[in-house]
Amino acid sequence: MSNTKGHMVYLNGEYLDLQKAKISVLDRGFLFGDSVYEVIPVYNHRPFAAKQHLDRLTKSLTAIHMDSPLDHDSWIEIFDRVLASSALTDKMLYIQVTRGAYPSRGHAIPDDVTPTVLVAALPTTRRYVLEGVNVITVKDQRWANCRIKATTLLPNVLAKDAAQRVSTHDAIFVKDGFALEGTASNLFMVKDNTVFTSPLSANILPGITRSIVIDILKTHHIAIEEKMITLDELKKADEIWLTGSVQEIVPVVLLDHCAVADGIVGPMWKRITRLYADRVEQETT
Ligand code: PDD
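For the sequence shown, the residue numbers in our numbering are -19 to 265.
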């Protein structure tokens, strides 16, 4: 925690030192996981794709019957101020909105509760995984509303832990024979020069990186299809990638301890990674 000392976070209208920012034990985010969040990548001290993240935050809030507590310009002003106070080189913006603290604990949503709003610049190590990673597949034990970016992430935490216990990097959720997404990432597969990704549904988070990668592929006339991917198809893929805001596009070279194609990072990944870096540079310099 020492490298975050002195950095200001925004909490409910105030700018506070990270170490001093505290919430109530009666906060419904703490008691019930009654809250949603966003992670926005930061390059050059600037948020990348902030509008898309804020739009998704609004959708998550609407889905849990909450209004956005701030308008777009107010969010951006807070991001700027929080980022300006942080000397971290590698960081991301973490935003969490909970239903708020209420004097009594009860499942029913109170109508007179004030949301808890947190914006913090937190340290991250952007890992440029050039040699590729190994992943396992796990049974998807999450709920039926994975399109909401909810903070109730216990199945994701346990799946990541299952991966790390067998010395692998991450896990891909499989449901009814279909590979869906990673614990904190979306799934892409390349087969015969076509890129495939799971279609948007209640089974996956509508990833911002996913949408940017799809846009880049379309711009460059690379074939892209959104379709359900069976585990058998994934095993026979030429390339597998996992995408997420902080990790960007991570190539998978071992799936359930077996090599993906010839077990080295593929040419399409090299190309798309360069194009993604160009897009980030265009928008953050
Ligand atoms: N996770 N799927 C899941 C389940 C995720 O948690 C995430 C992101 C993604 C990728 O979404 P995006 O490209 O918008 O980051 C897909 C964040 C980064 C996290 O929980 O830390």
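The beta-carbon is built from N, C-alpha and C at its ideal position, and this holds for glycine as well.
What would DSSP say about residue i, mapped onto helix, strand or coil?
{"i": "Asp172", "result": "coil"}
{"i": "Met46", "result": "coil"}
{"i": "Leu37", "result": "helix"}
{"i": "Leu110", "result": "coil"}
{"i": "Asp150", "result": "strand"}
{"i": "Ala30", "result": "helix"}
{"i": "Ala142", "result": "helix"}
{"i": "Ile116", "result": "strand"}
{"i": "Ala130", "result": "strand"}
Determine the burial state of residue i: buried for a count of at least 16 other Cβ atoms within 10 Å of its Cβ, exposed for fewer.
{"i": "Val146", "result": "exposed"}
{"i": "Asn166", "result": "buried"}
{"i": "Thr265", "result": "exposed"}
{"i": "Leu34", "result": "buried"}
{"i": "Ala64", "result": "exposed"}
{"i": "Asp14", "result": "buried"}
{"i": "Glu18", "result": "buried"}
{"i": "Glu205", "result": "exposed"}
{"i": "Glu309", "result": "Residue numbering for the chain in the displayed model covers -19 to 265; residue 309 lies beyond these limits and cannot be assessed."}
{"i": "Glu161", "result": "buried"}
{"i": "Asn183", "result": "buried"}
Can you name the residues that DSSP bridges to residue i?
{"i": "Thr199", "result": "Thr199 pairs with nothing; no bridge assigned."}
{"i": "Ile177", "result": "In the sequence under discussion, the amino acid at residue 177 is Thr, which differs from the Ile named in the question. In DSSP, Thr177 forms a bridge with Phe168 and Glu206."}
Verify the CB distance criterion: does residue i have a CB-CB separation below 9 Å to chain D?
{"i": "Glu161", "result": "The structure shown has no chain D; it contains just one protein chain."}
Run through the region 65 to 96 for me and flag every whole beta strand (DSSP E) of 3 or more residues, listed as ranges in chain order.
Within the region 65 to 96, the runs of beta strand (DSSP E) that reach at least 3 residues and sit entirely inside it are, in chain order, 71 to 78.
Minimum length 4: unbroken alpha helix (DSSP H) runs contained in the region -8 to 22
Runs found: 8 to 12.
Please determine if the region 20 to 28 and the region 36 to 45 are in contact, where contact requires at least 3 C-beta pairs separated by less than 8 Å.
No, they do not touch.
Stretch-stretch touch, CB-based, cutoff 8 Å, three pairs: the region 71 to 85 with the region 107 to 117:
No, the region 71 to 85 is not in contact with the region 107 to 117.
List, from N- to C-terminal side, the alpha helix (DSSP H) runs of 4 residues or more that fit wholly inside the region 208 to 254.
Here the runs fully enclosed are 211 to 215.
Decide yes or no for the touch test of the region 176 to 188 against the region 134 to 143: beta carbon pairs closer than 8 Å, at least 3 of them.
Cβ pair count under 8 Å is below three, so no.
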